[in-house]
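Start counting the sequence shown at 9; every next residue gets the next number (this note's numbering).
Here is the structure we will look at.
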Amino acid sequence: MFIDKVDFLVSSGKGGAGCVSFHTEKFVTKGGPDGGDGGAGGDVYFKVDRNTDTLSFYRGKRHLKAKNGQPGQGRKRFGKKGEDLILVVPPGTQVIDAQTNEVLLDLTKDGEIVKFLEGGKGGKGNVHFKSPTNQRPTYAQPGLPGVTKHIRLELKSIADVGLVGFPNVGKSTLISALSNARPEIANYEFTTLTPKLGVVRVDEMNSFLMADIPGIIEGASDGKGLGLEFLRHIERTKTLLFMIDITNYRDMRYQYEQLREELKRYSLELAKKPFAIAITKVDALDVDEANLKIEEFLKELDLEPNNKAKEFGAVDRYLNYLQDKKEWESFDFNKPIFVLPISAVARINLEPLKYMLFKLVKIVKEKSE
9 MFIDKVDFLV SSGKGGAGCV SFHTEKFVTK GGPDGGDGGA GGDVYFKVDR
59 NTDTLSFYRG KRHLKAKNGQ PGQGRKRFGK KGEDLILVVP PGTQVIDAQT
109 NEVLLDLTKD GEIVKFLEGG KGGKGNVHFK SPTNQRPTYA QPGLPGVTKH
159 IRLELKSIAD VGLVGFPNVG KSTLISALSN ARPEIANYEF TTLTPKLGVV
209 RVDEMNSFLM ADIPGIIEGA SDGKGLGLEF LRHIERTKTL LFMIDITNYR
259 DMRYQYEQLR EELKRYSLEL AKKPFAIAIT KVDALDVDEA NLKIEEFLKE
309 LDLEPNNKAK EFGAVDRYLN YLQDKKEWES FDFNKPIFVL PISAVARINL
359 EPLKYMLFKL VKIVKEKSE
């Protein structure tokens with residue numbers, strides 16, 4: 009089961025108490041105080057592991073605690089430090105204060121380990137309180153308590169390309185055709201109920217991560233359908249690929265405008281991300297009919313075909329803007345970087361799409377460095 013939001017209490021360990029003890033040994037009548045210090049309580053850490061893709065481990069958990077420190081002992085023996093609590097989470101997890109909604113940690117890098125809560129200090133044994141005026145101290149410090157926080161974990165998937173579209177437009181089919189992801193595919197809406205991530209291999213040295221998001225419908229930004237719940241999973245994507253179904257009962261222009269509007273209403277930052285358009289299921293129509301509908305769609309969006317498509321073996325009139333790094337500064341991000349007709353089933357233009365997306369992701373990464 010995919011779990012992307014959980015809340016629970018988490019506590020660091022309590023410090024162990026210091027020891028009250030006096031040295032006793034044969035022929036030693038007044039050995040003096042020798043109580044050792046208590047061990048520190050265990051700390052709480054977060055560890056990011058890309059082999060984890062859900063927060064399901066924490067489902068149903070109410071209170072997770074690090075171990076308490078052990079008390080000190082005689083002969084100046086220190087108590088053992090409490091065992092640390094390491095919480096393993098997938099990349100893209102935010103740690104949020106459940107009471108104030110403040111983001112405490114934003115964990116994005118694989119292998120990152122961050123100390124979240126420090127354990128309580130162990131108490132000092134009575135050996136520390138010996139003085140010329142108090143040679144038999146009977147006092148030792150108790151250990152300090154740990155820290156307790158009520159937190160909420162929210163997972164926002166990290167991907168290079170996020171697929172955006174209405175339900176049943178072919179997102180799952182595309183990600184299964186291009187990557188190692190194997191989502192459920194069926195001919196009805198809302199087949200995808202949870203985000204799916206897949207690695208798209210461009211060649212032996214290069215790849216990028218693609219995210220399949222549950223379908224967005226009209227009013228998703230107001231809480232309708234599944235869109236609002238999962239829109240946050242594309243907040244972190246570097247680029248977006250709009251999937252426009254040429255056979256859908258919704259008009260192509262309507263699909264495009266509604267998707268843009270829902271993204272804008274959810275987040276202005278999300279609406280400003282570089283994006284491209286894939287016109288899906290073109291194999292389901294006659295070639296002439298498909299060409300006519302696509303040309304009308306380009307005219308409605310005031311887009312002009314671009315000969316750069318020939319670099320990728322695509323039909324040139326269907327490709328609009330594929331920018332290189334020099335052109336990036338002046339580019340209008342209210343327009344798609346490119347528009348390409350595809351069919352994941354018939355594998356039409358999948359290779360050009362893969363290479364164009366990789367080039368786009370590469371440019372975006374270079375610009376963000």
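Positions of the beta carbon are idealized from the N, C-alpha and C atoms, including for glycine.
For Asn142, the pairing in a beta bridge is given by DSSP as Ser139.
Taking 8 Å as the upper bound for CB-CB distance, Gln102 and Lys157 are not in contact here, some 14 Å apart.
Boundaries for Met260: no beta strand (DSSP E) harbours it, while the alpha helix (DSSP H) harbouring it runs Met260 to Tyr274, taken from the DSSP string.
Going by C-alpha positions, Ala167 is about 21 Å away from Asn176. Residue burial annotation: Met251 is buried, with at least 16 other C-beta atoms found within 10 angstroms of its C-beta. Between Val172 and the set Thr247, Asp118 and Asp211, the nearest pair of CA atoms involves Thr247. Using a 10 angstroms sphere on the CB of Gly206, the tally of other CB atoms reaches 16 or more, which defines it as buried. The Cβ-Cβ distance between Gly77 and Ser29 does not fall below 9 Å. Under the three-state reduction of DSSP output, Ser180 falls in the helix class.
The continuous beta strand (DSSP E) containing Asp220 extends over residues Ser215 to Asp220.
Counting only the Cα atoms, Ile183 lies some 26 Å from Arg273. DSSP places Ile252 in the strand class (E or B) of the three-state scheme. Under the DSSP assignment, Lys164 falls outside any beta strand (DSSP E); it carries neither an H nor an E label. In the three-state DSSP reduction, Pro41 falls in the strand class (E or B). Two segments are said to touch when three or more pairs of C-beta atoms, one from each, lie closer than 8 Å; by this definition the stretch 252-262 touches the stretch 275-290.
Cβ-Cβ separation between Leu17 and Phe54: approximately 15 Å, too far for a contact (criterion under 8 Å).
Rounded to the nearest angstrom, the Cβ distance from Pro153 to Lys69 is 21 Å, too far for a contact under 8 Å. The C-beta distance from Leu271 to Leu278 rounds to 5 Å, short enough to meet the 8 Å contact threshold.
Exposure of Phe65 is indicated by the presence of fewer than 16 other C-beta atoms within 10 angstroms of its C-beta. Pro349 and Asp259 have their alpha carbons spaced roughly 16 Å apart. Per DSSP, reduced to three states, the secondary structure at Val369 is helical. Per DSSP, the beta-bridge partners of Arg85 are Gln81.
Remark: C-beta atoms of Ala148 and Lys132 approach each other more closely than 9 Å. In terms of Cβ geometry, Leu113 and Lys13 do not form a close pair [threshold 9 Å].
In the structure shown, Ser187 falls within a strand segment according to DSSP collapsed to helix, strand and coil.
Leu186 is not a Cβ neighbour of Ser20, given a cutoff of 9 Å. Classified as exposed, Val295 has fewer than 16 neighbouring CB atoms from the shown chains inside 10 Å of its CB.
Within the model, the alpha-carbon separation for Gly127 versus Ala106 is close to 21 Å. Between Ala284 and Met364, the C-beta gap is smaller than 9 Å, which places the two residues in contact.
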